[in-house]
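Colleague: Would you mind keeping the following structure in view while I ask a few things?
Protein chains: 2
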Amino acid sequence: MIENVNILPNTSTEEKIKETARRMFTKKGYAATKTRDIADESGINIALLNYYFRSKENLYELIMIENMQLFIHSIIEILNNKNTTFREKIEILISHYIDMLIKNPDLPMFVFNEINANPQNLIEKLGVNKQILNTYMLQQWQEYLNENKIIIVNPMHLFMNTISLTIFPFAASPMIKNRTGFSTEKFNDLMQERKKLIPEWIFMMIKSQNF
Amino acid sequence: MIENVNILPNTSTEEKIKETARRMFTKKGYAATKTRDIADESGINIALLNYYFRSKENLYELIMIENMQLFIHSIIEILNNKNTTFREKIEILISHYIDMLIKNPDLPMFVFNEINANPQNLIEKLGVNKQILNTYMLQQWQEYLNENKIIIVNPMHLFMNTISLTIFPFAASPMIKNRTGFSTEKFNDLMQERKKLIPEWIFMMIKSQNF
DNA sequence: AATTGATTTAAACAGATTTTTAAAAAATAT
DNA sequence: ATATTTTTTAAAAATCTGTTTAAATCAATT
Numbered sequence: 001m002i003e004n005v006n007i008l009p010n011t012s013t014e015e016k017i018k019e020t021a022r023r024m025f026t027k028k029g030y031a032a033t034k035t036r037d038i039a040d041e042s043g044i045n046i047a048l049l050n051y052y053f054r055s056k057e058n059l060y061e062l063i064m065i066e067n068m069q070l071f072i073h074s075i076i077e078i079l080n081n082k083n084t085t086f087r088e089k090i091e092i093l094i095s096h097y098i099d100m101l102i103k104n105p106d107l108p109m110f111v112f113n114e115i116n117a118n119p120q121n122l123i124e125k126l127g128v129n130k131q132i133l134n135t136y137m138l139q140q141w142q143e144y145l146n147e148n149k150i151i152i153v154n155p156m157h158l159f160m161n162t163i164s165l166t167i168f169p170f171a172a173s174p175m176i177k178n179r180t181g182f183s184t185e186k187f188n189d190l191m192q193e194r195k196k197l198i199p200e201w202i203f204m205m206i207k208s209q210n211f
Numbered sequence: 212m213i214e215n216v217n218i219l220p221n222t223s224t225e226e227k228i229k230e231t232a233r234r235m236f237t238k239k240g241y242a243a244t245k246t247r248d249i250a251d252e253s254g255i256n257i258a259l260l261n262y263y264f265r266s267k268e269n270l271y272e273l274i275m276i277e278n279m280q281l282f283i284h285s286i287i288e289i290l291n292n293k294n295t296t297f298r299e300k301i302e303i304l305i306s307h308y309i310d311m312l313i314k315n316p317d318l319p320m321f322v323f324n325e326i327n328a329n330p331q332n333l334i335e336k337l338g339v340n341k342q343i344l345n346t347y348m349l350q351q352w353q354e355y356l357n358e359n360k361i362i363i364v365n366p367m368h369l370f371m372n373t374i375s376l377t378i379f380p381f382a383a384s385p386m387i388k389n390r391t392g393f394s395t396e397k398f399n400d401l402m403q404e405r406k407k408l409i410p411e412w413i414f415m416m417i418k419s420q421n422f
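Quick mapping for you: the protein sequence lines, in order, are chains P and U.
Numbering (the working numbering) for the first sequence: 1 to 211.
Numbering (the working numbering) for the second sequence: 212 to 422.
Below, the structure written as structure tokens:
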């Protein structure tokens, strides 16, 4: 009986707790989320949280790792795809992130809070750190620069700009919505528009060579 | 005697507690900051926190409001200055924010966490909400568009881009430092460079009319 | 129907955390 | 110097929070 409990994803108590915990931890962080609140929101007895997950910390780590993996999921494959150009990769990456963030708008704040709290501890344990440095995309980047006779003094700005333009609006969405009165739908439409716009802006920057 | 307690800023017990609280609340948030830790770090008895500030929540609200005001401080004056052009205002705003964020690098995460937690509650109480909509800068913006025959379909993107490019790198700084090995000094140099770069990028975007 | 094991519950526990109290110490005023 | 007020302290009280316990319920198996 114990064997097949986790074979199919069910709407079991265990799953209910985990989903509520994911929502609350992601939204409010570890310290502000109380085990009693998770239990209340899932409609289960407090003891069941410890019965299924042993401890609050255990449950949090589970969610945390899943959130982190969601955040960096499938980047490596995109970066190493031999069938897409440099520009296409940028476009695909941005589009991929915008889709993911529309589905998980609280993820940016969670991830950056977590990185802030754990300077490098767990980021390195996720094992993506050094993989990124040797991707096919980096090769294409060099080729792109050579072909177009572009000299970039500090590519760090480009990297920052890309993630800033893509991710930051989601972190700031409560402020933006509050200031403009936009609904979530209208905000998401705006983000959809950015799939096209951000790559155009980024390549404008590259060509301007302002670094 | 009660009267002049707050007249001159002293290194009194009250001030010590407040400064430690500011640092810890800003870095770790309300729930993760324990009154004992504040007391220990300030080298004072725990009871003194309640003696001077009545409660943890009270103390937090004090810090929170000051942080929020720091974040939006002097914007209005910049926006309404009749002696600067539209472009100069953008440059001054960005330069102002970068200077402020180099001094207070934890502010972005604090502010956005707070806005996330309190959807609109206190943001409106700060009283800056509607002032911004009727600034001299907005007039200049319209004139700028007319003079240069520019039609911007969605100026929201421009607003988002400006704050994204300026503020986001600070929120992401632990990640950036971890991934690049940059020291705080090197990171700050990068931010200083952006004072010139961001306005150039923004005006490139405006002129491209890609909206 | 009885047995077994898994799940759930209410209650209590233990430790952490915030707040209060009452007395001592220090500073200030008379 | 004495009295008064302010500040500080140690201890306790009150509350909150994560975890455990032991019994009850449920589901499946024999």
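Ideal Cβ positions, reconstructed from N, Cα and C, are used throughout, including at glycine.
Of all Cβ atoms in chain P, is any one closer than 8 Å to the Cβ of E302 (chain U)?
Modeller: On the second sequence, position 91 is the one that residue 302 (chain U) refers to. No, because no Cβ of chain P sits closer than 8 Å to the Cβ of E302 (chain U).
Colleague: How about N372 (chain U) and M415 (chain U): do their beta carbons lie closer than 8 Å?
Modeller: Looking up residue 372 (chain U) in the second sequence gives position 161. Looking up residue 415 (chain U) in the second sequence gives position 204. Not a contact, by the Cβ cut-off of 8 Å.
Colleague: Could you name the residues of chain U that N161 (chain P) contacts, counting a contact when the two beta carbons are closer than 8 Å?
Modeller: Taking the first residue of the first sequence as 1, we reach residue 161 (chain P) at position 161. By Cβ distance, chain U contributes L376 and W412.
Colleague: Which chain U residues are close to I115 (chain P), counting only those with a beta carbon under 9 Å from its beta carbon?
Modeller: To locate residue 115 (chain P), count along the first sequence from 1; it is residue 115. Under the 9 Å cutoff, chain U gives A383, P385, M386 and N389.
Colleague: Going by C-alpha distance, which of U:S285, U:R298 and U:Y241 is nearest N269 (chain U)?
Modeller: In the second sequence, counting from the first residue as 1, residue 269 (chain U) sits at position 58. Closest option to N269 (chain U), Cα to Cα, is U:Y241.
Colleague: With a threshold of 8 Å, are at least 3 pairs of Cβ atoms found where one atom belongs to the stretch 148-156 of chain P and the other to the stretch 316-332 of chain U?
Modeller: no
Colleague: In the DSSP assignment, find the alpha helix (DSSP H) that holds K18 (chain P) and state where it starts and stops.
Modeller: For the purposes of this step, residue 18 (chain P) is identified with residue 18 of the first sequence, where counting begins at 1. Per DSSP, K18 (chain P) belongs to the alpha helix (DSSP H) from T13 to A32.
Colleague: Which parts of the stretch 288-337 of chain U are runs of the alpha helix (DSSP H), unbroken and 4 residues or longer, counting only runs that do not cross its ends?
Modeller: 297-314, 318-328 and 332-336, all fully within the stretch 288-337 of chain U.
Colleague: Just checking: is the beta-carbon of P316 (chain U) within a distance shorter than 8 Å of some beta-carbon in chain P?
Modeller: Along the second sequence, one-based indexing puts residue 316 (chain U) at 105. No, P316 (chain U) lies away from the interface with chain P (no Cβ there is under 8 Å from its Cβ).
Colleague: Which runs of the alpha helix (DSSP H) fall wholly inside the stretch 142-195 of chain P and span at least 4 residues, in chain order?
Modeller: 156-171 and 173-180
Colleague: Assuming the contact rule is C-beta atoms closer than 8 Å, L266 (chain U) and I228 (chain U) should be a hit. Round their C-beta distance to whole Å, please.
Modeller: In the second sequence, counting from the first residue as 1, residue 266 (chain U) sits at position 55. In the second sequence, counting from the first residue as 1, residue 228 (chain U) sits at position 17. The question names Leu, yet the displayed sequence has Ser at residue 266 (chain U). With 8 Å as the limit, S266 (chain U) and I228 (chain U) do not qualify as a contact, their Cβ atoms being about 13 Å apart.
Colleague: Would you call the stretch 141-150 of chain P and the stretch 91-101 of chain P touching, i.e. three or more CB-CB distances under 8 Å?
Modeller: Using a C-beta cut-off of 8 Å, the stretch 141-150 of chain P makes no contact with the stretch 91-101 of chain P, since fewer than three inter-stretch Cβ pairs fall below that distance.
Colleague: For G240 (chain U), decide whether its Cβ has a neighbour in chain P, counting only Cβ atoms nearer than 8 Å.
Modeller: To locate residue 240 (chain U), count along the second sequence from 1; it is residue 29. Closer than 8 Å: yes.
Colleague: Please compile the residues from chain P whose C-beta is within a distance smaller than 8 Å of the C-beta of L408 (chain U).
Modeller: On the second sequence, residue 408 (chain U) is found 197 positions in, with the first residue counted as 1. Within chain P, the residues near L408 (chain U) are H157, N210 and F211.
Colleague: Taking DSSP as the reference, what is the three-state secondary structure of N256 (chain U)?
Modeller: Within the second sequence, numbered from 1, the residue matching residue 256 (chain U) stands at position 45. DSSP places N256 (chain U) in coil when its eight states are reduced to three.
Colleague: Hey, could you find the ends of the alpha helix (DSSP H) Q209 (chain P) is sitting in?
Modeller: Residue numbering aside, residue 209 (chain P) sits at position 209 when the first sequence is read from its first letter. No alpha helix (DSSP H) holds Q209 (chain P); DSSP gives it neither H nor E.
Colleague: Judging by CA-CA distance, which residue of P:N210, P:T166 and P:K196 is the nearest neighbour of I102 (chain P)?
Modeller: Position 102 of the first sequence, counted from the start, is the residue given in the question as residue 102 (chain P). Ranking P:N210, P:T166 and P:K196 by Cα distance to I102 (chain P) puts P:T166 first.
Colleague: Would you say I76 (chain P) and Q140 (chain P) are within 8 Å of each other, going by their C-beta atoms?
Modeller: On the first sequence, residue 76 (chain P) is found 76 positions in, with the first residue counted as 1. On the first sequence, residue 140 (chain P) is found 140 positions in, with the first residue counted as 1. Not closer than 8 Å, so no.
Colleague: Cα separation between P9 (chain P) and E15 (chain P)?
Modeller: Walking along the first sequence from the start, residue 9 (chain P) turns up at place 9. Walking along the first sequence from the start, residue 15 (chain P) turns up at place 15. A caution first: P9 (chain P) carries a pLDDT of 43, below 50, which makes its placement in the model unreliable, though a value can still be read off. So the two alpha carbons sit approximately 8 Å from each other.
Colleague: Since I276 (chain U) and A232 (chain U) should fall inside the 8 Å C-beta cutoff, what is the C-beta to C-beta distance between them, to a whole number of angstroms?
Modeller: The residue labelled residue 276 (chain U) in the question sits at position 65 within the second sequence. The residue labelled residue 232 (chain U) in the question sits at position 21 within the second sequence. A Cβ-Cβ separation of about 13 Å leaves I276 (chain U) out of contact with A232 (chain U) under the 8 Å criterion.
Colleague: Take every Cβ of the stretch 104-112 of chain P, pair it with every Cβ of the stretch 166-185 of chain P, and state whether three or more of those distances are shorter than 8 Å.
Modeller: Yes, they touch.
Colleague: Do the CB positions of P174 (chain P) and E91 (chain P) come within less than 8 Å of each other?
Modeller: The residue given as residue 174 (chain P) occupies position 174 in the first sequence. The residue given as residue 91 (chain P) occupies position 91 in the first sequence. The answer is no: Cβ separation not under 8 Å.
Colleague: Return no unless some Cβ of chain U is closer than 8 Å to the Cβ of F86 (chain P).
Modeller: Start at 1 with the first residue of the first sequence, and residue 86 (chain P) comes out as number 86. F86 (chain P) does not count as touching chain U.
Colleague: For N217 (chain U), name the three-state secondary structure that DSSP assigns.
Modeller: Here residue 217 (chain U) refers to the residue found at position 6 when the second sequence is read from its first residue. No answer about N217 (chain U) holds up, because its pLDDT of 34 lies below 50 and its placement is not dependable.
Colleague: Taking the C-alpha atoms as reference points, what is the distance between R234 (chain U) and I249 (chain U)?
Modeller: Counting from one through the second sequence, the residue named residue 234 (chain U) turns up at place 23. Counting from one through the second sequence, the residue named residue 249 (chain U) turns up at place 38. Separation of R234 (chain U) and I249 (chain U) (C-alpha to C-alpha, rounded to the nearest whole angstrom) is 9 Å.
Colleague: Between L107 (chain P) and T26 (chain P), how many whole angstroms is the CB-CB distance? I'm expecting something under 8 Å.
Modeller: For the purposes of this step, residue 107 (chain P) is identified with residue 107 of the first sequence, where counting begins at 1. For the purposes of this step, residue 26 (chain P) is identified with residue 26 of the first sequence, where counting begins at 1. Yes, L107 (chain P) and T26 (chain P) are in contact; Cβ-Cβ is about 7 Å, under 8 Å.
Colleague: Please report the distance separating the alpha-carbon of I163 (chain P) from that of N83 (chain P).
Modeller: Along the first sequence, read from residue 1 onward, the residue named residue 163 (chain P) stands at position 163. Along the first sequence, read from residue 1 onward, the residue named residue 83 (chain P) stands at position 83. Cα to Cα, I163 (chain P) sits roughly 23 Å from N83 (chain P).
Colleague: Can you look up T35 (chain P) in the DSSP assignment and give me helix, strand or coil?
Modeller: Here residue 35 (chain P) refers to the residue found at position 35 when the first sequence is read from its first residue. T35 (chain P) falls in the helix class under three-state DSSP.
Colleague: Since A243 (chain U) meets chain P, which of its residues come closer than 7 Å, beta carbon to beta carbon?
Modeller: Locating residue 243 (chain U) in the second sequence gives position 32, where the first residue counts as 1. Those within 7 Å of A243 (chain U) in chain P are A31.
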